[in-house]
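>
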Amino acid sequence: MKSDIQIAQECRMLPIRDIGSSLGLSEDDLEYYGKYKAKISLDVLSEREGREDGKLILVTAINPTPAGEGKSTVTVGLGQALNRLGKKTVIALREPSMGPVFGVKGGAAGGGYSQVVPMEDINLHFTGDMHAITSANNLLAAAIDNHVHQGNALGIDIRKITWKRAMDMNDRALRDVVVGLGGKPNGYPREDGFMITVASEIMAILCLSTSLMDLKDRMGRIVIGYDLKGDPVYCRDLKVEGAMALLMKDAIKPNLVQTLENTPAIIHGGPFANIAHGCNSILATRTALKLGEYVITEAGFGADLGAEKFLDIKCRFGGLKPKAVVIVATIRALKLHGGAKKADLSHADLDSLAKGIVNLEKQIENIQGFRLTPVVALNRFATDSEEEIAFIKEFLAGKGIEMALTEVWEKGGEGGLDLARKVIEAADRMEGDYEVIYDTDSPLKEKIETIVRKIYGGNGVAYAAAAEKQIQDLEKFGLDRKPICMAKTQYSLSDNPKLLGRPEGFEVKVNEVRVSNGAGFIVCLTGDIMTMPGLPKVPAAEVMDIDESGNIVGLF
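Counting in my numbering, the sequence shown runs from 20 upward without gaps.
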(Lines of atoms letter the chains of each structure in order from A and count residues from 1; the text may use other names and numbers.)
(Lines give C-alpha, C1' and ligand atoms only; values in the text may rest on other atoms or scores of the structure.)
Protein backbone atom coordinates (compact mmCIF):
# COMPACT_ATOMS: atom_id res chain seq x y z
CA MET A 1 0.00 0.00 0.00
CA LYS A 2 1.38 3.41 -0.97
CA SER A 3 1.88 6.05 1.71
CA ASP A 4 0.18 9.43 1.53
CA ILE A 5 3.38 11.15 0.47
CA GLN A 6 4.02 8.59 -2.28
CA ILE A 7 0.53 9.15 -3.65
CA ALA A 8 0.98 12.91 -3.47
CA GLN A 9 4.38 12.82 -5.20
CA GLU A 10 2.98 10.75 -8.09
CA CYS A 11 0.05 13.05 -8.87
CA ARG A 12 -0.06 15.45 -11.80
CA MET A 13 -0.53 18.97 -10.50
CA LEU A 14 -1.74 21.75 -12.77
CA PRO A 15 0.08 25.07 -12.73
CA ILE A 16 -1.55 27.22 -10.07
CA ARG A 17 -2.44 29.86 -12.67
CA ASP A 18 -4.71 27.24 -14.29
CA ILE A 19 -6.41 26.53 -10.96
CA GLY A 20 -6.90 30.26 -10.49
CA SER A 21 -8.24 30.62 -14.02
CA SER A 22 -10.87 27.94 -13.31
CA LEU A 23 -12.16 30.25 -10.56
CA GLY A 24 -12.13 33.34 -12.77
CA LEU A 25 -8.94 34.73 -11.24
CA SER A 26 -6.54 36.71 -13.41
CA GLU A 27 -2.75 37.06 -13.26
CA ASP A 28 -3.23 40.29 -11.28
CA ASP A 29 -5.28 38.43 -8.66
CA LEU A 30 -2.48 36.00 -7.79
CA GLU A 31 0.97 36.32 -6.24
CA TYR A 32 2.96 33.22 -7.15
CA TYR A 33 5.04 31.17 -4.71
CA GLY A 34 6.55 28.84 -7.29
CA LYS A 35 4.53 26.81 -9.82
CA TYR A 36 1.91 25.32 -7.51
CA LYS A 37 1.17 27.83 -4.75
CA ALA A 38 -0.14 31.38 -4.81
CA LYS A 39 -1.47 34.11 -2.57
CA ILE A 40 -4.87 35.55 -3.51
CA SER A 41 -5.10 39.35 -3.49
CA LEU A 42 -7.54 40.82 -0.98
CA ASP A 43 -8.94 42.86 -3.89
CA VAL A 44 -10.59 39.67 -5.16
CA LEU A 45 -13.04 39.76 -2.26
CA SER A 46 -13.77 43.50 -2.40
CA GLU A 47 -14.27 43.44 -6.17
CA ARG A 48 -16.87 40.66 -5.85
CA GLU A 49 -18.74 42.19 -2.94
CA GLY A 50 -22.09 42.14 -4.74
CA ARG A 51 -21.79 38.57 -6.03
CA GLU A 52 -24.06 35.95 -4.48
CA ASP A 53 -22.33 33.61 -2.05
CA GLY A 54 -21.99 29.91 -2.68
CA LYS A 55 -23.33 27.36 -0.21
CA LEU A 56 -21.17 26.84 2.87
CA ILE A 57 -20.85 23.25 4.12
CA LEU A 58 -19.10 22.47 7.42
CA VAL A 59 -17.34 19.15 8.02
CA THR A 60 -16.94 18.12 11.67
CA ALA A 61 -16.67 14.80 13.52
CA ILE A 62 -17.23 12.72 16.61
CA ASN A 63 -14.68 13.06 19.42
CA PRO A 64 -11.40 11.82 17.89
CA THR A 65 -9.71 8.60 18.97
CA PRO A 66 -6.40 6.87 18.21
CA ALA A 67 -8.34 4.77 15.67
CA GLY A 68 -8.69 7.81 13.39
CA GLU A 69 -11.73 9.44 11.82
CA GLY A 70 -10.40 11.08 8.63
CA LYS A 71 -12.17 14.42 8.85
CA SER A 72 -9.73 16.31 6.59
CA THR A 73 -9.69 13.39 4.15
CA VAL A 74 -13.50 13.45 3.93
CA THR A 75 -13.46 17.24 3.52
CA VAL A 76 -11.14 16.97 0.52
CA GLY A 77 -12.95 13.93 -0.90
CA LEU A 78 -16.34 15.65 -0.62
CA GLY A 79 -15.03 18.68 -2.50
CA GLN A 80 -13.68 16.45 -5.25
CA ALA A 81 -16.97 14.54 -5.41
CA LEU A 82 -19.03 17.71 -5.79
CA ASN A 83 -16.79 18.79 -8.64
CA ARG A 84 -17.37 15.40 -10.30
CA LEU A 85 -21.11 16.15 -10.08
CA GLY A 86 -20.57 19.39 -11.98
CA LYS A 87 -20.70 21.70 -8.97
CA LYS A 88 -18.07 24.44 -8.95
CA THR A 89 -16.53 23.69 -5.57
CA VAL A 90 -13.79 25.28 -3.47
CA ILE A 91 -12.30 23.65 -0.38
CA ALA A 92 -11.30 25.91 2.54
CA LEU A 93 -8.89 24.37 5.06
CA ARG A 94 -6.53 25.30 7.89
CA GLU A 95 -2.75 25.35 7.56
CA PRO A 96 -0.92 22.55 9.41
CA SER A 97 1.29 23.39 12.37
CA MET A 98 4.79 21.94 12.34
CA GLY A 99 4.37 20.95 15.97
CA PRO A 100 1.98 18.05 15.27
CA VAL A 101 3.67 17.33 11.91
CA PHE A 102 6.95 16.47 13.68
CA GLY A 103 5.15 15.18 16.75
CA VAL A 104 2.27 12.73 16.31
CA LYS A 105 0.44 13.45 13.05
CA GLY A 106 3.29 13.47 10.57
CA GLY A 107 1.19 15.55 8.16
CA ALA A 108 -2.21 17.20 7.91
CA ALA A 109 -3.28 17.59 4.30
CA GLY A 110 -5.89 14.84 3.95
CA GLY A 111 -4.90 11.32 3.03
CA GLY A 112 -4.79 8.67 0.32
CA TYR A 113 -6.46 9.92 -2.87
CA SER A 114 -8.12 12.84 -1.11
CA GLN A 115 -5.23 15.17 -0.38
CA VAL A 116 -4.26 18.76 -1.00
CA VAL A 117 -0.95 19.27 -2.78
CA PRO A 118 1.94 20.07 -2.87
CA MET A 119 1.71 18.04 0.33
CA GLU A 120 5.32 18.58 1.45
CA ASP A 121 5.14 22.36 1.05
CA ILE A 122 1.80 22.68 2.82
CA ASN A 123 3.12 20.78 5.84
CA LEU A 124 6.56 22.44 5.89
CA HIS A 125 6.72 26.26 5.94
CA PHE A 126 4.17 26.64 3.07
CA THR A 127 4.11 30.36 2.18
CA GLY A 128 5.60 31.56 5.46
CA ASP A 129 2.38 32.51 7.27
CA MET A 130 3.34 30.68 10.47
CA HIS A 131 6.68 32.47 10.57
CA ALA A 132 5.02 35.86 10.11
CA ILE A 133 2.62 35.12 12.97
CA THR A 134 5.48 33.96 15.20
CA SER A 135 7.51 37.08 14.37
CA ALA A 136 4.62 39.44 15.10
CA ASN A 137 3.94 37.66 18.39
CA ASN A 138 7.57 37.85 19.48
CA LEU A 139 7.98 41.46 18.39
CA LEU A 140 5.32 42.35 20.94
CA ALA A 141 7.04 40.20 23.57
CA ALA A 142 10.35 41.96 22.91
CA ALA A 143 8.67 45.38 23.05
CA ILE A 144 7.17 44.60 26.46
CA ASP A 145 10.50 43.66 28.04
CA ASN A 146 12.27 46.55 26.35
CA HIS A 147 9.69 49.01 27.68
CA VAL A 148 10.24 47.72 31.22
CA HIS A 149 14.02 47.86 30.76
CA GLN A 150 13.92 51.42 29.41
CA GLY A 151 12.17 52.89 32.44
CA ASN A 152 8.67 51.35 32.41
CA ALA A 153 6.73 54.57 31.81
CA LEU A 154 3.49 52.57 31.69
CA GLY A 155 4.11 51.10 35.13
CA ILE A 156 3.71 47.51 33.85
CA ASP A 157 3.63 45.01 36.70
CA ILE A 158 6.17 42.39 35.59
CA ARG A 159 4.39 39.85 37.81
CA LYS A 160 1.24 40.28 35.76
CA ILE A 161 2.48 40.20 32.16
CA THR A 162 0.15 37.77 30.40
CA TRP A 163 1.65 37.89 26.89
CA LYS A 164 3.71 34.80 26.05
CA ARG A 165 6.36 34.17 23.44
CA ALA A 166 5.61 31.68 20.64
CA MET A 167 7.17 29.13 18.32
CA ASP A 168 5.63 26.68 15.85
CA MET A 169 7.08 23.52 17.37
CA ASN A 170 6.22 21.17 20.23
CA ASP A 171 8.71 21.95 23.01
CA ARG A 172 7.56 21.23 26.56
CA ALA A 173 10.79 22.65 28.03
CA LEU A 174 9.65 26.16 27.05
CA ARG A 175 6.27 26.09 28.78
CA ASP A 176 7.68 27.93 31.80
CA VAL A 177 10.96 29.84 31.57
CA VAL A 178 12.76 32.74 33.22
CA VAL A 179 13.92 35.62 31.01
CA GLY A 180 16.16 38.59 31.68
CA LEU A 181 18.96 36.68 33.41
CA GLY A 182 22.57 37.81 33.07
CA GLY A 183 22.57 41.14 34.83
CA LYS A 184 21.37 44.68 34.21
CA PRO A 185 22.10 44.83 30.44
CA ASN A 186 19.66 41.97 29.83
CA GLY A 187 16.63 43.54 31.49
CA TYR A 188 14.59 42.54 34.52
CA PRO A 189 14.38 38.83 35.36
CA ARG A 190 10.81 37.52 35.33
CA GLU A 191 8.84 34.36 34.77
CA ASP A 192 7.67 33.88 31.20
CA GLY A 193 6.73 31.04 28.85
CA PHE A 194 6.10 29.97 25.27
CA MET A 195 2.94 28.78 23.57
CA ILE A 196 2.77 27.06 20.22
CA THR A 197 2.17 29.55 17.38
CA VAL A 198 -1.23 28.11 16.48
CA ALA A 199 -2.44 28.86 20.04
CA SER A 200 -1.28 32.48 19.85
CA GLU A 201 -3.78 35.32 19.83
CA ILE A 202 -2.05 36.61 16.69
CA MET A 203 -3.21 33.45 14.89
CA ALA A 204 -6.76 34.00 16.11
CA ILE A 205 -6.61 37.65 15.02
CA LEU A 206 -5.43 36.65 11.54
CA CYS A 207 -8.29 34.19 11.20
CA LEU A 208 -11.00 36.58 12.44
CA SER A 209 -9.88 39.78 10.68
CA THR A 210 -11.81 41.12 7.72
CA SER A 211 -9.07 43.41 6.32
CA LEU A 212 -5.50 44.53 6.96
CA MET A 213 -6.71 47.60 8.86
CA ASP A 214 -9.06 45.47 10.93
CA LEU A 215 -6.08 43.23 11.76
CA LYS A 216 -4.01 46.24 12.83
CA ASP A 217 -6.84 47.57 15.00
CA ARG A 218 -7.30 44.16 16.63
CA MET A 219 -3.59 43.96 17.40
CA GLY A 220 -3.79 47.32 19.15
CA ARG A 221 -6.57 45.94 21.40
CA ILE A 222 -4.47 43.02 22.70
CA VAL A 223 -4.22 43.00 26.50
CA ILE A 224 -0.55 42.29 27.30
CA GLY A 225 -0.89 42.36 31.10
CA TYR A 226 -1.70 44.74 33.94
CA ASP A 227 -0.04 47.79 35.49
CA LEU A 228 0.84 48.37 39.14
CA LYS A 229 -2.63 49.82 39.76
CA GLY A 230 -4.24 46.66 38.41
CA ASP A 231 -5.52 48.21 35.16
CA PRO A 232 -5.08 46.43 31.80
CA VAL A 233 -2.23 47.47 29.50
CA TYR A 234 -2.86 47.22 25.75
CA CYS A 235 -0.57 46.62 22.79
CA ARG A 236 -1.48 50.07 21.45
CA ASP A 237 0.06 51.58 24.62
CA LEU A 238 3.42 50.22 23.41
CA LYS A 239 2.81 51.64 19.89
CA VAL A 240 3.93 48.53 18.00
CA GLU A 241 0.64 47.38 16.43
CA GLY A 242 1.60 49.02 13.12
CA ALA A 243 4.95 47.22 13.04
CA MET A 244 3.24 43.94 13.90
CA ALA A 245 0.68 44.46 11.14
CA LEU A 246 3.32 45.14 8.50
CA LEU A 247 4.88 41.77 9.34
CA MET A 248 1.48 40.29 8.45
CA LYS A 249 0.94 42.15 5.16
CA ASP A 250 1.44 39.00 3.09
CA ALA A 251 0.30 36.46 5.66
CA ILE A 252 -3.19 37.97 5.67
CA LYS A 253 -3.71 36.95 2.03
CA PRO A 254 -5.31 33.49 1.55
CA ASN A 255 -3.25 30.72 -0.09
CA LEU A 256 -4.45 28.88 -3.21
CA VAL A 257 -3.45 25.27 -3.92
CA GLN A 258 -5.24 22.20 -5.34
CA THR A 259 -6.26 18.64 -4.56
CA LEU A 260 -5.03 15.48 -6.27
CA GLU A 261 -8.00 15.85 -8.65
CA ASN A 262 -7.20 19.54 -9.26
CA THR A 263 -10.10 20.89 -7.20
CA PRO A 264 -9.21 24.39 -5.94
CA ALA A 265 -8.32 24.59 -2.24
CA ILE A 266 -7.80 27.73 -0.20
CA ILE A 267 -5.66 27.05 2.88
CA HIS A 268 -5.23 29.86 5.37
CA GLY A 269 -4.73 30.11 9.12
CA GLY A 270 -4.54 27.20 11.52
CA PRO A 271 -5.62 27.74 15.14
CA PHE A 272 -5.85 24.59 17.26
CA ALA A 273 -9.42 23.66 18.17
CA ASN A 274 -8.66 22.21 21.60
CA ILE A 275 -6.89 25.46 22.58
CA ALA A 276 -8.01 28.17 20.14
CA HIS A 277 -11.09 28.37 17.87
CA GLY A 278 -10.03 25.76 15.30
CA CYS A 279 -11.17 27.31 12.01
CA ASN A 280 -9.48 28.70 8.92
CA SER A 281 -9.69 32.44 8.24
CA ILE A 282 -12.84 34.43 7.61
CA LEU A 283 -11.07 36.04 4.63
CA ALA A 284 -10.36 32.64 3.06
CA THR A 285 -13.92 31.40 3.58
CA ARG A 286 -15.48 34.61 2.29
CA THR A 287 -13.22 34.57 -0.76
CA ALA A 288 -14.12 30.96 -1.47
CA LEU A 289 -17.84 31.78 -1.18
CA LYS A 290 -17.48 34.41 -3.89
CA LEU A 291 -15.61 32.02 -6.21
CA GLY A 292 -17.55 28.75 -5.92
CA GLU A 293 -21.07 27.30 -5.89
CA TYR A 294 -20.16 25.16 -2.89
CA VAL A 295 -17.51 25.75 -0.23
CA ILE A 296 -16.44 22.80 1.90
CA THR A 297 -14.68 23.77 5.10
CA GLU A 298 -13.78 21.99 8.32
CA ALA A 299 -13.50 22.78 12.01
CA GLY A 300 -11.00 21.02 14.24
CA PHE A 301 -11.67 17.89 16.28
CA GLY A 302 -15.23 16.94 17.33
CA ALA A 303 -18.41 18.96 16.99
CA ASP A 304 -18.24 19.81 20.70
CA LEU A 305 -15.07 21.84 20.04
CA GLY A 306 -14.51 22.89 16.42
CA ALA A 307 -18.10 23.06 15.23
CA GLU A 308 -19.32 24.91 18.33
CA LYS A 309 -16.57 27.51 17.92
CA PHE A 310 -17.12 27.70 14.15
CA LEU A 311 -20.79 28.54 14.73
CA ASP A 312 -20.57 30.62 17.90
CA ILE A 313 -17.36 32.54 17.09
CA LYS A 314 -16.33 32.45 13.43
CA CYS A 315 -19.75 32.59 11.78
CA ARG A 316 -20.93 35.20 14.29
CA PHE A 317 -17.98 37.49 13.51
CA GLY A 318 -17.89 36.75 9.78
CA GLY A 319 -21.60 36.91 9.02
CA LEU A 320 -21.36 33.37 7.58
CA LYS A 321 -24.44 31.21 7.05
CA PRO A 322 -23.72 27.47 6.75
CA LYS A 323 -26.27 25.39 4.86
CA ALA A 324 -25.43 21.88 6.09
CA VAL A 325 -23.03 19.99 8.35
CA VAL A 326 -21.24 16.69 7.75
CA ILE A 327 -20.33 14.65 10.84
CA VAL A 328 -17.51 12.19 10.16
CA ALA A 329 -17.42 8.91 12.07
CA THR A 330 -15.77 5.52 11.77
CA ILE A 331 -16.89 2.18 13.13
CA ARG A 332 -13.44 1.70 14.63
CA ALA A 333 -13.64 4.97 16.58
CA LEU A 334 -17.18 4.31 17.78
CA LYS A 335 -16.12 0.89 19.09
CA LEU A 336 -13.30 2.57 21.02
CA HIS A 337 -15.86 4.96 22.51
CA GLY A 338 -17.80 1.87 23.51
CA GLY A 339 -14.94 0.32 25.44
CA ALA A 340 -13.24 -1.89 22.84
CA LYS A 341 -9.47 -2.20 22.94
CA LYS A 342 -7.44 -0.77 20.07
CA ALA A 343 -5.93 -4.20 19.35
CA ASP A 344 -9.41 -5.67 18.82
CA LEU A 345 -10.86 -3.09 16.43
CA SER A 346 -10.48 -5.31 13.37
CA HIS A 347 -13.01 -7.79 14.78
CA ALA A 348 -16.78 -7.30 14.52
CA ASP A 349 -18.10 -6.09 17.87
CA LEU A 350 -21.73 -4.98 17.86
CA ASP A 351 -21.79 -4.68 21.64
CA SER A 352 -19.00 -2.06 21.77
CA LEU A 353 -20.46 -0.31 18.72
CA ALA A 354 -23.89 -0.06 20.39
CA LYS A 355 -22.28 1.43 23.50
CA GLY A 356 -20.05 3.86 21.57
CA ILE A 357 -22.59 5.18 19.09
CA VAL A 358 -23.91 7.49 21.80
CA ASN A 359 -20.97 9.80 21.06
CA LEU A 360 -22.22 10.22 17.49
CA GLU A 361 -25.75 10.64 18.83
CA LYS A 362 -24.66 13.55 21.05
CA GLN A 363 -22.76 15.29 18.25
CA ILE A 364 -25.86 15.00 16.03
CA GLU A 365 -27.92 16.63 18.78
CA ASN A 366 -25.29 19.38 19.10
CA ILE A 367 -25.55 20.28 15.42
CA GLN A 368 -29.35 20.16 15.50
CA GLY A 369 -29.21 22.54 18.47
CA PHE A 370 -27.89 25.19 16.06
CA ARG A 371 -30.87 24.53 13.76
CA LEU A 372 -28.70 22.85 11.13
CA THR A 373 -29.14 19.58 9.24
CA PRO A 374 -26.39 16.99 9.84
CA VAL A 375 -25.40 14.30 7.36
CA VAL A 376 -23.26 11.47 8.73
CA ALA A 377 -20.25 10.39 6.68
CA LEU A 378 -19.26 6.88 7.72
CA ASN A 379 -15.64 6.70 6.66
CA ARG A 380 -15.28 3.05 5.67
CA PHE A 381 -12.39 0.78 6.68
CA ALA A 382 -11.71 -2.64 5.15
CA THR A 383 -12.31 -4.26 8.56
CA ASP A 384 -15.87 -2.92 8.90
CA SER A 385 -18.42 -5.74 8.85
CA GLU A 386 -21.73 -5.56 7.00
CA GLU A 387 -23.55 -6.16 10.30
CA GLU A 388 -21.84 -3.17 11.89
CA ILE A 389 -22.66 -0.93 8.92
CA ALA A 390 -26.29 -2.12 8.98
CA PHE A 391 -26.52 -1.36 12.71
CA ILE A 392 -25.42 2.27 12.19
CA LYS A 393 -27.76 2.73 9.21
CA GLU A 394 -30.71 1.47 11.26
CA PHE A 395 -29.74 3.61 14.26
CA LEU A 396 -29.54 6.79 12.17
CA ALA A 397 -32.65 6.00 10.14
CA GLY A 398 -34.56 5.84 13.42
CA LYS A 399 -33.50 9.41 14.09
CA GLY A 400 -34.22 10.63 10.57
CA ILE A 401 -30.54 11.25 9.82
CA GLU A 402 -29.05 10.66 6.36
CA MET A 403 -25.87 8.59 6.19
CA ALA A 404 -23.40 7.94 3.40
CA LEU A 405 -20.55 5.45 3.28
CA THR A 406 -17.40 7.18 2.09
CA GLU A 407 -14.34 5.59 0.54
CA VAL A 408 -12.53 8.77 -0.40
CA TRP A 409 -9.14 7.65 0.97
CA GLU A 410 -9.06 4.78 -1.53
CA LYS A 411 -11.12 6.19 -4.41
CA GLY A 412 -10.85 9.98 -4.19
CA GLY A 413 -13.90 11.94 -5.30
CA GLU A 414 -15.56 8.83 -6.71
CA GLY A 415 -15.73 7.42 -3.18
CA GLY A 416 -17.70 10.42 -1.96
CA LEU A 417 -20.41 10.74 -4.61
CA ASP A 418 -23.22 9.43 -2.39
CA LEU A 419 -22.19 11.83 0.37
CA ALA A 420 -22.04 14.71 -2.13
CA ARG A 421 -25.59 14.04 -3.34
CA LYS A 422 -26.92 13.92 0.21
CA VAL A 423 -25.11 17.14 1.12
CA ILE A 424 -26.66 18.89 -1.89
CA GLU A 425 -30.11 17.72 -0.77
CA ALA A 426 -29.52 18.83 2.82
CA ALA A 427 -28.29 22.27 1.74
CA ASP A 428 -31.30 22.70 -0.55
CA ARG A 429 -33.66 21.89 2.34
CA MET A 430 -32.12 24.48 4.67
CA GLU A 431 -34.55 27.33 5.33
CA GLY A 432 -33.61 30.45 7.25
CA ASP A 433 -30.34 30.81 9.14
CA TYR A 434 -28.65 28.82 11.84
CA GLU A 435 -28.91 30.04 15.45
CA VAL A 436 -26.13 30.63 17.99
CA ILE A 437 -26.62 29.06 21.41
CA TYR A 438 -25.88 32.12 23.58
CA ASP A 439 -25.89 35.92 23.50
CA THR A 440 -22.45 37.53 23.85
CA ASP A 441 -23.92 40.12 26.24
CA SER A 442 -24.99 37.40 28.69
CA PRO A 443 -22.98 37.11 31.94
CA LEU A 444 -19.66 35.36 31.44
CA LYS A 445 -20.42 32.39 33.69
CA GLU A 446 -23.82 31.93 32.07
CA LYS A 447 -22.17 31.59 28.63
CA ILE A 448 -19.69 29.03 29.94
CA GLU A 449 -22.43 27.00 31.61
CA THR A 450 -24.55 27.09 28.45
CA ILE A 451 -21.73 25.45 26.49
CA VAL A 452 -21.05 22.87 29.20
CA ARG A 453 -24.70 21.89 29.61
CA LYS A 454 -25.94 22.13 26.01
CA ILE A 455 -22.88 20.95 24.08
CA TYR A 456 -20.92 18.74 26.47
CA GLY A 457 -23.91 17.36 28.39
CA GLY A 458 -22.36 18.22 31.76
CA ASN A 459 -24.09 19.06 35.03
CA GLY A 460 -22.28 22.33 35.62
CA VAL A 461 -18.99 24.15 36.05
CA ALA A 462 -16.50 24.38 38.91
CA TYR A 463 -14.12 27.34 38.98
CA ALA A 464 -10.63 27.46 40.44
CA ALA A 465 -9.98 30.41 42.76
CA ALA A 466 -7.69 32.00 40.14
CA ALA A 467 -10.43 31.71 37.50
CA GLU A 468 -12.96 33.36 39.81
CA LYS A 469 -10.62 36.34 40.29
CA GLN A 470 -9.93 36.55 36.55
CA ILE A 471 -13.65 36.61 35.78
CA GLN A 472 -14.16 39.41 38.31
CA ASP A 473 -11.37 41.42 36.66
CA LEU A 474 -12.80 40.96 33.16
CA GLU A 475 -16.22 42.08 34.38
CA LYS A 476 -14.67 45.07 36.19
CA PHE A 477 -12.94 46.30 33.02
CA GLY A 478 -15.86 45.56 30.67
CA LEU A 479 -13.97 42.84 28.82
CA ASP A 480 -16.51 40.08 29.47
CA ARG A 481 -19.11 40.68 26.75
CA LYS A 482 -17.49 38.39 24.21
CA PRO A 483 -17.92 34.83 22.85
CA ILE A 484 -16.35 31.98 24.80
CA CYS A 485 -13.50 29.85 23.46
CA MET A 486 -13.26 26.70 25.58
CA ALA A 487 -9.82 25.09 25.79
CA LYS A 488 -10.66 21.45 26.47
CA THR A 489 -9.47 17.95 25.67
CA GLN A 490 -10.58 16.79 22.24
CA TYR A 491 -10.93 13.16 23.28
CA SER A 492 -14.01 13.47 25.47
CA LEU A 493 -17.19 15.49 25.72
CA SER A 494 -16.02 16.19 29.27
CA ASP A 495 -12.73 17.73 30.40
CA ASN A 496 -11.39 14.26 31.27
CA PRO A 497 -9.83 12.56 28.21
CA LYS A 498 -10.53 9.12 29.69
CA LEU A 499 -14.32 9.58 29.76
CA LEU A 500 -15.27 8.31 26.31
CA GLY A 501 -18.68 7.74 24.74
CA ARG A 502 -21.34 10.04 26.20
CA PRO A 503 -20.41 10.69 29.83
CA GLU A 504 -23.03 11.99 32.25
CA GLY A 505 -23.08 13.61 35.67
CA PHE A 506 -19.75 15.41 35.30
CA GLU A 507 -18.63 18.94 36.06
CA VAL A 508 -16.11 20.84 33.94
CA LYS A 509 -13.29 22.47 35.93
CA VAL A 510 -12.25 25.92 34.66
CA ASN A 511 -8.72 26.61 35.87
CA GLU A 512 -7.94 29.85 34.07
CA VAL A 513 -9.87 32.54 32.21
CA ARG A 514 -7.97 34.91 29.92
CA VAL A 515 -9.18 37.50 27.45
CA SER A 516 -8.03 37.47 23.82
CA ASN A 517 -9.24 41.02 23.40
CA GLY A 518 -7.80 41.51 19.94
CA ALA A 519 -9.32 38.29 18.67
CA GLY A 520 -12.56 39.21 20.40
CA PHE A 521 -13.17 36.18 22.61
CA ILE A 522 -12.50 34.83 26.10
CA VAL A 523 -10.44 31.66 26.53
CA CYS A 524 -11.35 29.27 29.36
CA LEU A 525 -8.70 26.64 30.12
CA THR A 526 -10.17 23.43 31.53
CA GLY A 527 -8.75 20.16 32.84
CA ASP A 528 -5.09 19.57 32.01
CA ILE A 529 -5.06 21.46 28.71
CA MET A 530 -1.74 23.13 27.80
CA THR A 531 -0.94 25.80 25.22
CA MET A 532 2.46 24.28 24.40
CA PRO A 533 2.30 20.57 23.50
CA GLY A 534 5.19 18.17 23.99
CA LEU A 535 6.65 15.55 21.68
CA PRO A 536 5.68 11.87 22.09
CA LYS A 537 8.16 9.15 23.04
CA VAL A 538 8.76 8.39 19.35
CA PRO A 539 8.19 11.63 17.39
CA ALA A 540 7.14 11.44 13.74
CA ALA A 541 10.33 13.41 13.01
CA GLU A 542 12.37 10.25 13.61
CA VAL A 543 11.08 8.62 10.41
CA MET A 544 11.37 11.70 8.20
CA ASP A 545 14.30 12.23 5.86
CA ILE A 546 15.44 13.84 2.63
CA ASP A 547 17.70 12.35 -0.05
CA GLU A 548 20.42 13.96 -2.16
CA SER A 549 17.87 14.79 -4.87
CA GLY A 550 15.68 16.70 -2.43
CA ASN A 551 12.97 14.02 -2.22
CA ILE A 552 11.21 13.94 1.16
CA VAL A 553 10.24 10.64 2.76
CA GLY A 554 8.38 9.74 5.96
CA LEU A 555 5.97 12.69 5.87
CA PHE A 556 2.94 10.39 6.03
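A virtual CB, placed ideally from N, CA and C, is assigned to each residue, including glycine.
From the DSSP output, read off the bridge partner residues of Q134.
According to DSSP, Q134 bridges with G129.
> When we look at the beta-carbon of T402 and count the other beta-carbons within 10 Å, is it buried (16 or more) or exposed?
Under this definition T402 is an exposed residue.
> So, do the region 365-373 and the region 383-390 have three or more beta carbon pairs nearer to each other than 8 Å?
Too few Cβ pairs lie closer than 8 Å, so no.
> How many whole angstroms separate the CB atoms of V394 and A445, which I take to be in contact at a CB cut-off of 8 Å?
Between A445 and V394 the Cβ distance is about 5 Å, and since that is below 8 Å, they are a contact.
> In chain order, what residues of the same chain have a beta carbon less than 8 Å from the beta carbon of S22, not counting five sequence neighbours either side?
Within the same chain, S22 has close Cβ partners F575.
> Between which residues of its own chain and T550 is the CB-CB distance below 6 Å, once the five residues before and five after are set aside?
Within the same chain, T550 has close Cβ partners M214, A218, I294.
> Label R70 either buried or exposed according to how many other C-beta atoms from any shown protein chain fall within 10 Å of its C-beta, with 16 as the threshold for buried.
Exposed, since its Cβ has fewer than 16 Cβ neighbours within 10 Å.
> Assuming contact is defined by CB atoms lying nearer than 8 Å, are P115 and N82 in contact in what I supplied?
No, these two residues do not count as a Cβ contact at 8 Å.
> Ignore the nearest five residues each way along the sequence and tell me which others in G435's own chain have a CB closer than 6 Å to its CB.
Same-chain partners within the cutoff: G96, L97, A100, T425, V427.
> Please state whether DSSP places Y154 in a helix, a strand or coil.
For the sequence presented, residue 154 should be read as Ser rather than Tyr. In the structure shown, S154 sits in a helix (DSSP, three-state: H, G or I).
> Does any heavy atom of the ligand NAD sit closer than 7 Å to the C-beta of L173?
With respect to the ligand NAD, the structure shown offers nothing to examine, as it has no ligands at all.
> Taking 8 Å as the threshold, find out whether the region 73-82 comes into contact with the region 304-319 through three or more Cβ pairs.
Result yes; three or more Cβ-Cβ pairs closer than 8 Å.
> Please give the ranges of any alpha helix (DSSP H) in the region 373-416, keeping only runs that are unbroken, at least 4 residues long and fully inside the region.
405-416, all fully within the region 373-416.
> Between the region 136-155 and the region 510-526, can you find at least three pairs of beta-carbon atoms closer than 8 Å?
No: the two stretches stay apart, fewer than three of their Cβ pairs being nearer than 8 Å.
> Between which two residues does the beta strand (DSSP E) carrying Q277 extend?
Counting along the chain, the beta strand (DSSP E) containing Q277 begins and ends at 274-278.
> Hey, V136 and M32: beta-carbon distance below 8 Å or not?
Yes. Within cutoff.
> Skipping 5 residues on each side, what residues in its chain have a beta carbon closer than 7 Å to that of A262?
Closer than 7 Å at Cβ, skipping near neighbours: L158.
> Counting only the same chain and skipping the five closest in sequence on each side, list residues whose C-beta sits under 8 Å from that of M449.
Cβ within range, chain order: K342, A343, L391, T392.
> Which whole-angstrom value is the C-beta distance of L225 and G288, which I expect to be below 8 Å?
Confirmed, about 5 Å.
> Please state whether DSSP places V527 in a helix, a strand or coil.
V527: strand per DSSP, three-state reduction.
> Going by the CB atoms, is the gap between D164 and G202 shorter than 8 Å?
Not a contact, by the Cβ cut-off of 8 Å.
> Can the beta-carbon of L104 be found closer than 8 Å to that of L275?
Contact flag unset, no.
> I'd like the ranges of any beta strand (DSSP E) spanning at least 3 consecutive residues and lying wholly in the region 149-207.
Here the runs fully enclosed are 175-180, 184-186, 196-198.
> Any idea what DSSP makes of L30, helix, strand or coil?
Looking at the sequence shown, residue 30 is not Leu but Cys. DSSP places C30 in coil when its eight states are reduced to three.
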